[in-house]
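Just below is one structure, and these are the notes that go with it.
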Amino acid sequence: EAAVTQSPRNKVAVTGGKVTLSCNQTNNHNNMYWYRQDTGHGLRLIHYSYGAGSTEKGDIPDGYKASRPSQENFSLILELATPSQTSVYFCASGAGVAETLYFGSGTRLTVL
Amino acid sequence: QQKVQQSPESLIVPEGGMASLNCTSSDRNVDYFWWYRQHSGKSPKMLMSIFSNGEKEEGRFTVHLNKASLHTSLHIRDSQPSDSALYLCAASLNYNQGKLIFGQGTKLSIKP
Numbered sequence: 001e002a003a004v005t006q007s008p009r010n011k012v013a014v015t016g017g018k019v020t021l022s023c024n025q026t027n028n029h030n031n032m033y034w035y036r037q038d039t040g041h042g043l044r045l046i047h048y049s050y051g052a053g054s055t056e057k058g059d060i061p062d063g064y065k066a067s068r069p070s071q072e073n074f075s076l077i078l079e080l081a082t083p084s085q086t087s088v089y090f091c092a093s094g095a096g097v098a099e100t101l102y103f104g105s106g107t108r109l110t111v112l
Numbered sequence: 113q114q115k116v117q118q119s120p121e122s123l124i125v126p127e128g129g130m131a132s133l134n135c136t137s138s139d140r141n142v143d144y145f146w147w148y149r150q151h152s153g154k155s156p157k158m159l160m161s162i163f164s165n166g167e168k169e170e171g172r173f174t175v176h177l178n179k180a181s182l183h184t185s186l187h188i189r190d191s192q193p194s195d196s197a198l199y200l201c202a203a204s205l206n207y208n209q210g211k212l213i214f215g216q217g218t219k220l221s222i223k224p
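As given, the protein sequences belong to chains A and B, one line each in that order.
Quick note on our numbering: the first sequence kicks off at 1 and runs consecutively.
Quick note on our numbering: the second sequence kicks off at 113 and runs consecutively.
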């Protein structure tokens, strides 16, 4: 079974603070993704990456940065957190075109 | 604008009954479709994929695809309480197949 690990599982942040969400995969997959999930919106794509050193903007990138320093690691950075970024964040990895995505357990972020 | 639309938003089906879920894309560039299932408090897991016109069956689950209308449907026969979950439809674009777009989901409840 493909393994994707996210940390932390829960995070409470203050408005204006910096938040970093981390994701590690041991599948040797090229593609990695960050989604957020809110009631009524399904999963919305924030940033994704095709390999180390690459990041691409998804459908809702504003207020978020991403970093892919290695094949295994993909981070999501909120430089100035806002309450509207309160959500559940999922990281996923995939081998490539037409391949299944494997999701981490999610990070519940609350911005006060 | 949501490129992948699912209906209904929620569905209640008696145990042993048939559940039918729908998904349509508004983007003519959509190429491949997936169905993911997410139990409450868990991460999404791939249930079935369909890439060409027609029907695909795996156990109690059947998926249909009509590429001309960009419509896919998931049918679950002999529904069980363990089928209660959020069902997410996902699609990839032919010019950017690494990017997976999800619909808002259908919440399925199986009533014993």
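The beta carbon of each residue, even a glycine, is placed where N, CA and C say it ideally should be.
Computed from a prediction, not measured in an experiment: that's the story for all the values here.
Same chain, Cβ closer than 6 Å to residue i, neighbours up to 5 away in sequence not counted
i      : result
B:H151 : A197
B:L133 : L186, Y199, T218
A:G16  : L80
A:V12  : T110
B:N206 : N141, D143
CB contact check: residue i to chain A, cutoff 7 Å
i      : result
B:Q117 : no
B:M160 : no
B:F145 : no
B:S122 : no
B:F173 : no
B:Q216 : yes
B:P193 : no
B:G210 : yes
B:P224 : no
Cβ of residue i within 7 Å of any chain B Cβ
i      : result
A:N73  : no
A:T100 : yes
A:L43  : yes
A:N31  : yes
A:Y50  : yes
A:S22  : no
A:G40  : yes
Beta-carbon proximity check, residue i vs residue j, cutoff 7 Å
i      : j      : result
A:F103 : B:P126 : no
B:S221 : B:L212 : no
A:V111 : A:A81  : yes
A:A98  : B:Y144 : yes
A:G53  : A:L45  : no
B:C201 : B:V142 : no
B:G63  : B:S191 : Residue 63 of chain B cannot be examined here, being either before or after the span of chain B that is shown, 113 to 224.
B:T174 : B:C135 : no
A:E56  : A:Q25  : no
A:S105 : A:T20  : no
A:L43  : B:F214 : yes
Those residues which DSSP pairs with residue i across a bridge
i      : result
B:K115 : The partner list for B:K115 (beta bridge, DSSP) is empty, contrary to what the question assumes.
A:L76  : A:L21, A:A66
B:N178 : B:H183
A:Q6   : A:C23
A:T107 : A:Y89
B:K157 : B:R149
B:E121 : Answer is none; B:E121 lacks a bridge partner.
B:N134 : B:S119, B:S185
B:S221 : B:I124
B:F214 : B:A202
Same chain only: Cβ atoms within 8 Å of residue i, ignoring 5 sequence neighbours per side
i     : result
A:N27 : A2, A3, V4, S93, A95, Y102
Same chain, Cβ closer than 7 Å to residue i, five either side skipped, listed in chain order
i      : result
A:S87  : R36, Q37, D38, L109
B:S137 : K115, V116, L182, A203
B:L159 : W147, Y148, R149, F173
A:S7   : S22
Within the region 19–57 of chain A, note down every full beta strand (DSSP E) run reaching 3 residues or more, in order along the chain.
-> 19–25, 31–38, 42–49
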